[in-house]
Amino acid sequence: MLPDQVPRDEAMIKGKTAVVTGSTSGIGLAIARALAAEGTNLLINGLGDEAAIERTRLGIEGEFGVAARYSPADLTVPREINAMMAEAETRFGSVDILVNNAGVQFVAPIEAFPPDQWDRIIAINLSAAFHTTRTALPGMKARRWGRIVNIASAHALVASPFKSAYVAAKHGIAGLTKTVALEAATFGVTANAICPGYVWTSLVKKQIPDTMRARGMTEQQVISDVLLQAQPTKEFVKVDEVAAMAVFLCSDAAKSITGALLPIDGGWTAA
Ligand code: NAD
C-alpha cells in the first residue's frame, strides 16, 4: 500500500467500545446512535426518566445489533464516574472511544451567578472529562489505539455575556484536549474538541427563560437576536451533523487530527 492511502478496512470502528457521557438526549444521544450504526458497542450515560432511558437503550441494541449498557453515574461525583468507567472495562474489555459530551448551562450576570451553579457547571462540563480521560487513557495507550472526542462549544473559542461558568469550563476543556493530545500523540490516541454553535436541544431550550429575564427579551427575540444572531447561517446546527463529525474523528482517516478545536457553528467564530 502506498503511504498516502488510508487503509479502508482499518477505518472501521465496528466491534470497538465507546463511552458517551450525557447520551440520554440531544447531541450525546445522536453521537451514541451514530457510533452504534458503525457497529460500536456502547456505554450510555445521563440523567432522565429510567423507563425512557431503558427504551432508548433497547432501541439502540435492536436497531443496530450492538451491545449497549447504561450507567446512571452522576458526573458531579468522581466516585460514580470511576464506577462507570470500570463497568465499561469489565463489561466490554476496553474503552476505545471516549466521548465527553455531558454538559449543563446556567445564564446570569456574574454578580448574580449562584456559586453552586458555578461548581456544578465546572464539575460536569470540565472536571468529569478529566476523570474519564484519566481512567480511559492507560488502556488506550497500552492497546495503541484510542479516540477521545470532547464536545466543547463555540464558547471554547469566544465568550458571551452571562455565561461565565460555561465559557470558563469550555475554554478549560479546550486546554485539556490539547494537553491530552500532546501526551498521547505517539500512542495512536487522538484527542479533539468539537465546538458546535447553537444546536436545537433541551440545553438551548432551557436557557431561553433565563436569557429572557437577563436581557429583558421575549422568547422570539432571544432566538433571533441572541442565539441565531451569532450564527451567520441563521440556522441551528443539527445533532446529526455533530454526530457525523464525531464518527469521522473516530475513523482511521482522522488519525492525524489531534489537539484540534473544530468549529461546527454556521460561521459564528469566523466573525
Ligand atoms: P442536553 O441537555 O440534550 O444533553 C445533556 C446531557 O447531559 C443529557 O443526557 C443529561 O442527562 C446529561 N447530564 C446533565 N447533567 C448530568 C450529570 N450530572 N451527570 C450525568 N449526565 C448529566 O444538551 P445538549 O445540547 O445535547 O448538550 C450536549 C453537549 O453539547 C454539552 O456539553 C453542551 O455544552 C454541548 N453544546 C451544546 C450546544 C447546543 O447549542 N445545544 C452548543 C455547543 C455545545
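For the sequence shown, our numbering assigns the number -10 to the initial residue and increments by one for each residue that follows.
Just so it is clear, CB atoms sit at the ideal spot from N, CA and C, and this is done for glycine as well.
At least one heavy atom of the ligand NAD falls within 6 Å of the beta-carbon of Val93. Its Cα nearest to that of Thr124, the residue Asn71 stands out among Pro98, Asn71 and Glu172.
For Arg46, the enclosing alpha helix (DSSP H) has its first and last residue at Glu39 to Phe53. Pro185 has its Cβ nearer than 6 Å to a heavy atom of the ligand NAD.
Looking at the DSSP output, Arg58 sits in a beta bridge with Leu32. Not one heavy atom of the ligand NAD falls within 6 Å of the beta-carbon of Ile86. Only residues of its own chain outside the window of five on either side were considered, and among them Val138, Asn139, Ile140, Ala141, Val231, Met234, Ala235, Leu238, Leu251 and Ile253 have a CB closer than 8 Å to the CB of Ile183, listed in chain order.
Per DSSP, reduced to three states, the secondary structure at Thr179 is strand. The residues Gly255 and Gly256, in chain order, have a CB closer than 8 Å to that of Thr222 in the same chain once the five nearest residues on each side in sequence are set aside. With the rule of 3 Cβ pairs closer than 8 Å, the region 79 to 96 counts as touching the region 147 to 156.
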